[in-house]
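Below: one structure, written as structure tokens.
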Amino acid sequence: MIQQIMIHAVLQQSVAGFYTDLVTRPTGRAVRENIERDLPTGTIAVMDFTGVGCLDYSCADEIIAKLVRDKVRVLLLRGLTDSHREAIEPVLAGAGLAALCARADGTLEGLGAREPAPALLEELVARRLAARTPGGAITLTAA
Amino acid sequence: MTRLVEVPAQFDDRSFDQFAAAYAQATDGGGGGERLLFDAHAAEWASPYGLVGLLAAGEAAARRGGSGGGERPLLTAPVNPDVVSYWARAGFFREAGDLFEVHGKVPKTKPATESEVLLPVTPVRAAEDVHAVVSTIQQRASAILSSELGLDPKATMGFAMALSESCQNIVEHAGTGGWVAVQAYNWRRKLARRVVVIAVADAGVGFRHSLESTQAKRFGERWGDAAALEAALIQGVSRFRDPGRGQGLAGIRRYLARWEGKIAIRSGTARIAIVPRWDDDVPLKDGLPAFPGSQVLLIIPEQGSGGPGGSTQT
Chain A
1 MIQQIMIHAV
11 LQQSVAGFYT
21 DLVTRPTGRA
31 VRENIERDLP
41 TGTIAVMDFT
51 GVGCLDYSCA
61 DEIIAKLVRD
71 KVRVLLLRGL
81 TDSHREAIEP
91 VLAGAGLAAL
101 CARADGTLEG
111 LGAREPAPAL
121 LEELVARRLA
131 ARTPGGAITL
141 TAA
Chain B
1001 MTRLVEVPAQ
1011 FDDRSFDQFA
1021 AAYAQATDGG
1031 GGGERLLFDA
1041 HAAEWASPYG
1051 LVGLLAAGEA
1061 AARRGGSGGG
1071 ERPLLTAPVN
1081 PDVVSYWARA
1091 GFFREAGDLF
1101 EVHGKVPKTK
1111 PATESEVLLP
1121 VTPVRAAEDV
1131 HAVVSTIQQR
1141 ASAILSSELG
1151 LDPKATMGFA
1161 MALSESCQNI
1171 VEHAGTGGWV
1181 AVQAYNWRRK
1191 LARRVVVIAV
1201 ADAGVGFRHS
1211 LESTQAKRFG
1221 ERWGDAAALE
1231 AALIQGVSRF
1241 RDPGRGQGLA
1251 GIRRYLARWE
1261 GKIAIRSGTA
1271 RIAIVPRWDD
1281 DVPLKDGLPA
1291 FPGSQVLLII
1301 PEQGSGGPGG
1311 STQT
């Protein structure tokens, strides 16, 4: 089973005030702790960034890097803007971690460090959550 | 007795050391019994860096306890009506009123009614303040950054990220509040181009004190303000042992490298800068007049054909 996380909704639940930006470590910590409450360790999770404005490096580290490092088996990100990617990529790469990212056409790619990404893709294929296209790309079949 | 701290007529990052020297001299001996008078009556111009730096000095002076048993330091406002009007529009006096006993004619102007003032002088004390700053800047800066500075519209979000991380430096490390201001202006003297400037200042503990417990031993005899700035900006270290820390300044550097921008950080008696091709600043200065806290300057120049210094990096 894939856990679905609508990050904008979690943000609204986690902090006082109506924010659309994921900035500052305290905000990131509050959002991550909110996510962790309902997320069993070792699960596969999809995190949807639709509706999120600015994501800074501190929040990217506090939420994504820490979930990937300590909580989830595979983290699939979608609804990312280019600027979200700019914050996430170096944070994950710097920690030797990787997540997967769903492109607009549905194909998946690694985000962050190069080494762990192929194994994450293979795991989704093995669990029949993703499949190889005739062109060799990998697309999500569920979620 | 009152001791005078003269505010430079052209008050920006270049003249800041002159101001810091005057402040250091006036507070020499650390005595608490003397009140400080910050004299800005002859000021002709101040950059956002100058304005937030002056507030940091005011806070430090008030905190000395000295200022005559709880008395606030004095500040004489600029006499030039255009200058004092601009300081008011930039939001300076809104904050200065809490720190200084202000003398002079100060117009009651609401801050930030013009396009150049992208973010008036704004206090930063907690994460909520950073949220407000980031939200405001996205609303105000997008058009300026793309239409006037020639930055890709996508760069607005990166700008907000850089601003967020700069402000968080106060929240996470200063041990006190600080101020941020963002402004666009024509930088005739240096570039003959428009620039956007982010200035952040606090009168907190500074980089050396913040990093001392985790870094001093590693640097040994070299440890000091300059080594602390080098560790933070160049090596990306943080006082926290958490492996993900130190991302903020590294992210700012990446953003600035992409748009050929500049960052300079002054803390204590040292100043470090990542110097782009269009600038002739020095990368590291040590032995400067001591000044409390940290002061951060980010400059993003107008992009365009030829770009600053002869080419454009995108």
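Quick mapping for you: the protein sequence lines, in order, are chains A and B. This note's numbering numbers the first residue of the first sequence as 1 and each following residue consecutively. This note's numbering numbers the first residue of the second sequence as 1001 and each following residue consecutively. Quick reminder that beta carbons are idealized off the backbone N, C-alpha and C, glycines included. This structure is a prediction, so every number in the text was calculated from the model and none was measured.
Classify residue i as helix, strand or coil using the three-state DSSP reduction.
i	result
A98 of chain A	strand
A146 of chain A	Because chain A is modelled from 1 through 143, residue 146 of chain A falls outside the range shown and cannot be assessed.
E1006 of chain B	strand
Q1247 of chain B	helix
W1179 of chain B	strand
K1154 of chain B	coil
M1161 of chain B	helix
N1080 of chain B	coil
P1301 of chain B	strand
H1041 of chain B	coil
W1087 of chain B	helix
F49 of chain A	coil
D1028 of chain B	coil
V1130 of chain B	helix
V1052 of chain B	helix
P26 of chain A	helix
I5 of chain A	strand
R1291 of chain B	It is worth fixing the name first, because residue 1291 of chain B is Phe in this sequence and not Arg. It is a strand residue.
F18 of chain A	coil
T139 of chain A	strand
P90 of chain A	helix
E1071 of chain B	coil
L1036 of chain B	strand
S1015 of chain B	coil
V1296 of chain B	strand
A1020 of chain B	helix
A1257 of chain B	helix
E1101 of chain B	strand
V1196 of chain B	strand
T1122 of chain B	strand
V10 of chain A	helix
D61 of chain A	helix
V74 of chain A	strand
Which chain B residues are close to residue i, counting only those with a beta carbon under 7 Å from its beta carbon?
i	result
P26 of chain A	A1127
Measuring only between beta-carbons, confirm whether residue i sits less than 9 Å from chain A.
i	result
P1073 of chain B	no
L1210 of chain B	Correcting the residue identity first, residue 1210 of chain B is Ser in this sequence and not Leu. No, no contact with chain A.
G1248 of chain B	yes
V1134 of chain B	yes
R1271 of chain B	no
K1154 of chain B	yes
G1158 of chain B	yes
Q1018 of chain B	no
I want to see whether chain B comes within less than 9 Å of residue i, judged by CB atoms only; does it?
i	result
L77 of chain A	no
A93 of chain A	no
A104 of chain A	no
D61 of chain A	yes
T41 of chain A	no
T141 of chain A	no
T20 of chain A	yes
Below 9 Å on C-beta distance, what does residue i contact in chain A?
i	result
M1161 of chain B	V23, C54, L55, D56, Y57, S83, E86 and A87
Answer yes or no: do residue i and residue j have a C-beta to C-beta separation smaller than 9 Å?
i	j	result
G1293 of chain B	T1136 of chain B	no
G1206 of chain B	A1228 of chain B	yes
V1200 of chain B	A1184 of chain B	no
V1130 of chain B	F1092 of chain B	no
A1264 of chain B	D1013 of chain B	yes
I1234 of chain B	G1204 of chain B	no
V1106 of chain B	L1119 of chain B	no
T1214 of chain B	V1237 of chain B	yes
Q4 of chain A	V46 of chain A	yes
W1179 of chain B	V1052 of chain B	yes
So which residues on chain A does residue i lean against when the C-beta distance must stay under 8 Å?
i	result
G1251 of chain B	D56, Y57, A87 and P90
E1172 of chain B	R25
P1243 of chain B	A95
R1140 of chain B	Near R1140 of chain B there are no residues of chain A at all, since even the closest Cβ is about 14 Å away, more than 8 Å.
R1239 of chain B	Per Cβ cutoff of 8 Å: no residues; R1239 of chain B is ~13 Å from chain A at best.
Would you say residue i touches the ligand HEM, meaning its beta carbon is less than 8 Å from a heavy atom?
i	result
P26 of chain A	Although the ligand HEM was asked about, the structure shown includes no ligands whatsoever.
Quick one: which chain B residues come within Cβ less than 8 Å of residue i?
i	result
G17 of chain A	E1128 and H1131
Note down, in chain order, every chain A residue with its Cβ under 7 Å from the Cβ of residue i.
i	result
E1165 of chain B	D56, Y57 and S58
Would you call the segment 55-68 of chain A in contact with the segment 16-36 of chain A, where contact means no fewer than 3 C-beta pairs closer than 8 Å? With the rule of 3 Cβ pairs closer than 8 Å, the segment 55-68 of chain A counts as touching the segment 16-36 of chain A.
Does the structure place the segment 1080-1100 of chain B close enough to the segment 1144-1161 of chain B that three or more beta carbon pairs sit under 8 Å? These segments do not touch.
Taking contact to mean at least 3 C-beta pairs separated by less than 8 Å, is the segment 1008-1025 of chain B in contact with the segment 129-139 of chain A? Contact between the segment 1008-1025 of chain B and the segment 129-139 of chain A is absent, because fewer than three Cβ pairs lie under 8 Å.
Give a yes or no on contact between the segment 1034-1043 of chain B and the segment 1076-1086 of chain B, applying the rule of three or more CB pairs nearer than 8 Å. At 8 Å Cβ cutoff, the stretches touch.
Within the chosen definition, does the segment 117-126 of chain A reach the segment 52-61 of chain A through at least 3 CB pairs nearer than 8 Å? They do not touch, by the three-pair rule.
For the structure I just gave you, are there three or more beta carbon pairs, one from the segment 1274-1282 of chain B and one from the segment 1136-1146 of chain B, closer than 8 Å? Cβ pair count under 8 Å is below three, so no.
Is there contact between the segment 68-77 of chain A and the segment 38-45 of chain A, where contact requires at least three CB pairs shorter than 8 Å? Cβ pair count under 8 Å is three or more, so yes.
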